[in-house]
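The sequence shown runs 1 to 442 under the UniProt record's numbering.
Here a beta-carbon is modelled for each residue, glycine too, at the ideal position from N, C-alpha and C.
Here the structure is a predicted model, which means the values were calculated and not measured.
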Amino acid sequence: MFDKFSKFLIPIAGKLNNNRYLGVLRDAFMLAFPLTIFGSIMVVLANLPFLDNVMSESLVAGIQESLGPAPNATMNIASVFVVFGIGYYLAKSYGVEAIFGGAVALTAFLLLTPYVVSTESGEVVSNVLAVDRLGAKGMFLGMIVAFLSGEIYRFITQKKIVIKMPAGVPPAVSKSFAALIPAVVTLTVFLILNIIVTQGFNTNLHDVIFNTVQAPLVGLGGGLTATLIAVFFIQILWFFGLHGQIIINSVMDPIWNTLSLENLQAYTTTGELPHIINKQFIEVYLVGAGGTGMTLAVLVAILLFMRSKQMKQVGKLGIGPGIFNVNEPVIFGLPIVMNPLILLPWIIAPMVVTVVSYVAMAIGLVPPPTGVTIPWTVPIFISGFLATNSIAGSLLQLVNVLIVFVIWFPFLKFIDRMNIKQEREAEQKNAAADIKVPKEKI
């Protein structure tokens, strides 16, 4: 059964893992990572739950106002970084001058962005760029435009439809002239497209893509069912030795990151949190408890209750990295990969935790993640507090660890007994081999 399933699954996973566009998308989101971390830190500092107890209301308001530009310049315009990153890494993957690919993609995105803002009084102001179009609301249009502009730009460049300068011209000047025709043609395409949509249909592509593509996909991907399906495939891919987190995240990250940005924008303006599922939900309440599969509880169970030498050694090697959510030692040392005895708890535990975490947030026991970016290496309990801005987020992580512990324990105990039996048999064989036999006289 495992052979048949692996023959079906591994080729598909390999194609997803090696797909050019998914790889580019993954790298583009990582380009925005250090910038969004900075914005997230400022959001956390501005909204610490105990500030109003030690400072006056006016001082707290002053701190929040002073730190406000940080998220506005980073997380609230994350689509800008993603669009540039897609253009850059796509051009790089084709061997085309990458920096111009990023610049053309960003300009194409801005060409399709409406420069009209409605004020609270209903007044329409022209020649003003709305920040929300550069954040979560423009994410899917930005990705589509970046890939299309990148393909047009590299196609023209690879066809050698460029201006070639003499050999003595400085490289920067030569590269700029070489990018001139591909850039002009690409941007002209998107300018014409914008004219057709705005003048012919009296709308803009931002609203079209948001209403027809982004909103339905985000609504679907933000549901519990879709999340459970994603978690299942992450676990099953890891079971066969494939990096399920990278493969599935390449597909789901656009949705989860968009949900995070929408939460953050709502949190910093109204204090509301519209979505339970987002990027931080996955990383803090599934990955953030010892790595994929929440194996920190497994390591604790091994160190405290298992007696076999093999499992003790795995526990000692894995506990240090496991605190920082690196769990390759236990995945390949226990092992979890291709181990039928481990399959059930490996799949069931994170799915149960997903349901428990979702329900706890849905009924109001724990606030949903605010959308601030939390590095996946942040240890448990700290990450839960930072993600939700509440100690309840840390307590939920503790509950989740106990759930994983209970599900895994009988399976670990069974494996431990098998290992002890094998170790005793090996010791008896070694003892028998060590019996000294009299040497023959020469």
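>> Can you find the residues in the same chain that come closer than 7 Å, C-beta to C-beta, to S383, ignoring five residues on each side of it along the sequence?
In response: V284, G288, I374
Self-check item: Local Cβ density within 10 Å of L242, reported as buried at 16 or more and exposed below that
Solution: buried
### Message
I248 and G221 - do their beta-carbons sit closer together than 7 Å?
### Response
no
- Item | Contact belief for V251 with L22 at Cβ below 8 Å, rounded distance in angstroms | 7 Å
Point to revise | Validate contact between the segment 256-269 and the segment 360-370 using beta carbons, cut 8 Å, 3 pairs | key: yes
Item to check | Given I12 as reference, the closest of S260, A297, F240, M311 once Cα atoms are compared | outcome: F240
### Query
Roughly how many angstroms separate the alpha carbons of R424 and N18, rounded to a whole number?
45 Å
Self-check item: Residue environment, P71, which counts as buried when at least 16 other CB atoms sit within 10 Å
Solution: buried
* To do: From the DSSP output, in three-state form, read off S118 for me.
  => strand
In the DSSP assignment, find the beta strand (DSSP E) that holds S126 and state where it starts and stops.
124-126
Margin query: Need the endpoints of the alpha helix (DSSP H) that M361 sits in, please.
Written below: 340-362
Taking all protein chains shown into account, do 16 or more other C-beta atoms lie within 10 angstroms of the C-beta of M30, making it buried, or fewer, making it exposed? exposed
| Between the Cα of G68 and the Cα atoms of V43, F81, P171, which residue gives the shortest distance? | V43
- Task: On a CA-only basis, which of S176, A226, T157, W376 is nearest M165? Give me that one, please.
- Result: S176
Taking the continuous alpha helix (DSSP H) assigned at Q428, which residues delimit it? 391-433
Check: Anyone know if the C-beta pair for P321 and W408 falls short of 7 Å?
Finding: no
* Asked: Candidates V96, A146, L334, N327: which alpha carbon is nearest V314's?
  -> L334
A183 and V104 - do their beta-carbons sit closer together than 7 Å? yes
Note to self: Residues in the same chain with beta-carbon distance under 8 Å from T258, minus the five sequence neighbours each way, listed in chain order, please.
What the structure shows: A136, M139, F140, Q214, V218
Close Cβ partners of T227 (< 7 Å) along its chain, the five nearest in sequence each way excluded:
I277, T354
- Grab me the residues of F147's own chain with a C-beta within less than 7 Å of its C-beta, minus the 5 sequence neighbours each way, in chain order. Y21, I86, L90
Can you tell me whether S126 is buried or exposed? The criterion is at least 16 other CB atoms within 10 Å of its CB, across all chains shown.
exposed
(request) Taking 7 Å as the cut-off, decide whether the C-beta atoms of G101 and G150 are in contact. (result) yes
Next item on the list: Evaluate V359 with the Cβ neighbour count: other Cβ atoms within 10 Å of its Cβ, from every protein chain shown; 16 or more gives buried, anything less gives exposed.
Entry: exposed
**Q.** Same chain, Cβ closer than 7 Å to S308, neighbours up to 5 away in sequence not counted
**A.** D416, N419, I420, E423
* Delimiting residues of the alpha helix (DSSP H) encompassing Q280 -> 279-282
Q.
By alpha-carbon positions, which one of L286, F332, L395, G364 ends up nearest to I348?
A. L286
* Where does S56 sit, in a helix, a strand or coil, going by DSSP? -> coil
Contiguous alpha helix (DSSP H) assignments of at least 4 residues, all confined to the segment 49-103: 51-54, 57-67, 69-72, 78-93
Among G142, K92, I302, V189, the one whose alpha carbon lies nearest that of R154: K92
Q. Is I380 helix, strand or coil when you go by DSSP?
A. coil
Measuring straight from C-alpha to C-alpha, what distance separates I336 and P329? 10 Å
>> Using a Cβ-Cβ cutoff of less than 7 Å, which residues in the same chain neighbour L187 once the five nearest sequence positions on both sides are dropped?
In response: V104, T107, A108, L111
For M75, which residues from the same chain have a beta carbon less than 6 Å from its beta carbon, with the 5 sequence-adjacent residues on both sides left out? T36, G39, L264
>> Using the three-state DSSP reduction, which class does R20 fall into: helix, strand or coil?
In response: helix
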